[in-house]
Amino acid sequence: MPEQRPNVIVIITDDQGYGDLACHGNPVALTPNLDRLHGESVRFVDFHGAPMCTPTRGQLLTGLDAARNGALNVSSGRTMMRADLPTMADVFRAGGYRTGLFGKWHLGDNYPYRPQDRGFEESIWFPSSHISSLPDYWENDYFDDVYCHNGERTRFEGYCTEVFFDHALAWIEERQQNDEPFFAYLPTNAPHYPLWVPEEDRLEMEAHFSEHEH
Numbered sequence: 002m003p004e005q006r007p008n009v010i011v012i013i014t015d016d017q018g019y020g021d022l023a024c025h026g027n028p029v030a031l032t033p034n035l036d037r038l039h040g041e042s043v044r045f046v047d048f049h050g051a052p053m054c055t056p057t058r059g060q061l062l063t064g065l066d067a068a069r070n071g072a073l074n075v076s077s078g079r080t081m082m083r084a085d086l087p088t089m090a091d092v093f094r095a096g097g098y099r100t101g102l103f104g105k106w107h108l109g110d111n112y113p114y115r116p117q118d119r120g121f122e123e124s125i126w127f128p129s130s131h132i133s134s135l136p137d138y139w140e141n142d143y144f145d146d147v148y149c150h151n152g153e154r155t156r157f158e159g160y161c162t163e164v165f166f167d168h169a170l171a172w173i174e175e176r177q178q179n180d181e182p183f184f185a186y187l188p189t190n191a192p193h194y195p196l197w198v199p200e201e202d203r204l205e206m207e208a209h210f211s212e213h214e215h
């Protein structure tokens with residue numbers, strides 16, 4: 002019987018500070034699921050990352066510093082990784098893995114810089130710094146938005162975070178049913194500003210913050 006290869010899931014939250022979690026000492030934030038994950042995980046505390054969004058993403062996917070991979074900034078034509086560099090997705094795909102991206106890309110939105118050009122066979126993504134900054138779709142507001150789905154502009158129903166995770170979970174379940182090893186990359190939009198959330202979540206946090214007089 003062949004050795005089973007491990008599946009890999011990478012989740013990145015956007016614009017989140019170290020102190021935004023209850024497990025890191027935040028006295029107000031409610032993050033029970035992340036707190037539980039924190040308690041069950043190996044934690045790398047001597048970490049080094051770029052101070053901006055795009056360079057961090059490029060470094061993660063290529064293993065190279067931003068000055069070498071080309072993704073130096075968040076705008077002005079400096080968000081694209083060098084096309085000749087293999088990405089993490091390329092490596093997994095070459096090893097027989099199925100690869101999927103669900104969320105924020107911010108590493109180029111035209112050939113040869115799109116997710117489908119960089120090793121991801123399945124992708125639901127938006128290209129810019131945050132969803133509402135897409136120049137082609139000014140009405141995008143985190144709810145029922147237009148994203149890129151395998152090269153096609155497609156409207157998805159629901160709140161952005163739920164859209165990305167729901168489709169990622171469906172894709173993962175299909176891979177498991179087919180006994181296919183997979184690499185799933187979920188770079189969320191949240192909690193990047195503007196802080197638009199479903200109304201029931203906003204009201205819950207409003208009541209919670211009022212109780213703590215913040």
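Numbering-wise, the working numbering comes out as the position in the sequence shown, counting from 1, plus 1. Every residue, glycine too, gets a C-beta built ideally from N, C-alpha and C. No experiment lies behind these values; they were computed from the predicted model shown.
Item                                                                                                                        : Value
Whole-Å CB distance - LEU86 paired with THR57, under 8 Å assumed                                                            : Actually they do not touch by this definition, with Cβ atoms about 16 Å apart.
Buried or exposed by the 16-neighbour rule on C-beta atoms within 10 Å, applied to VAL11                                    : exposed
Segment limits, beta strand (DSSP E) that includes GLY101                                                                   : 99-105
Own chain, CB closer than 6 Å to MET89, minus 5 neighbours either side, in chain order                                      : LEU62
Inter-residue CB distance, THR14 and CYS24 (contact presumed, cutoff 8 Å)                                                   : Their Cβ separation, rounded to whole angstroms, is 14 Å, which puts THR14 and CYS24 out of contact at 8 Å.
CB-CB length for GLY96 against PHE121, believed under 8 Å                                                                   : Contact doesn't hold; Cβ gap of about 14 Å is too wide.
Proximity below 7 Å, CB of ALA171 to CB of LEU187                                                                           : no
Reduced DSSP category for HIS49 - H, G, I as helix; E, B as strand; rest coil                                               : coil
Sheet register partners of ILE125 (DSSP bridge)                                                                             : PHE103 and HIS150
Unbroken beta strand (DSSP E) run spanning VAL9, endpoints                                                                  : 9-13
Residues near ILE125 in its chain [Cβ-Cβ closer than 6 Å; skip 5 each side]                                                 : PHE103, TYR148, HIS150 and HIS168
Chain-order list of residues whose beta-carbon lies under 6 Å from that of LEU22 (same chain, five-residue window excluded) : THR32 and LEU35
Member of ARG156, PRO113 and PHE45 whose CA lies at the smallest distance from the CA of PHE127                             : ARG156
VAL164 classed as buried or exposed, judged by whether at least 16 other C-beta atoms fall within 10 angstroms              : buried
Alpha-carbon to alpha-carbon, GLU205 and VAL217                                                                             : Since the first residue of the chain shown is 2 and the last is 215, residue 217 is not available in this structure.
Nearest-angstrom Cα separation, counted from ASN179 out to SER130                                                           : 35 Å
Under the three-state DSSP convention, the category THR155 falls into                                                       : strand
Closest residue to ALA51 among VAL43, HIS209, ASP16 and VAL198 (Cα-Cα distance)                                             : ASP16
Rounded C-alpha distance that separates GLY26 from ARG44                                                                    : 16 Å
Close-in-space but distant-in-sequence residues of the same chain around PHE166 (CB under 6 Å, 5 per side omitted)          : none
Three-state class that DSSP yields for LEU187 in the structure shown                                                        : strand
Segments assigned alpha helix (DSSP H), at least 4 residues, entirely inside the region 22-102                              : 33-41, 54-63, 67-70 and 89-95
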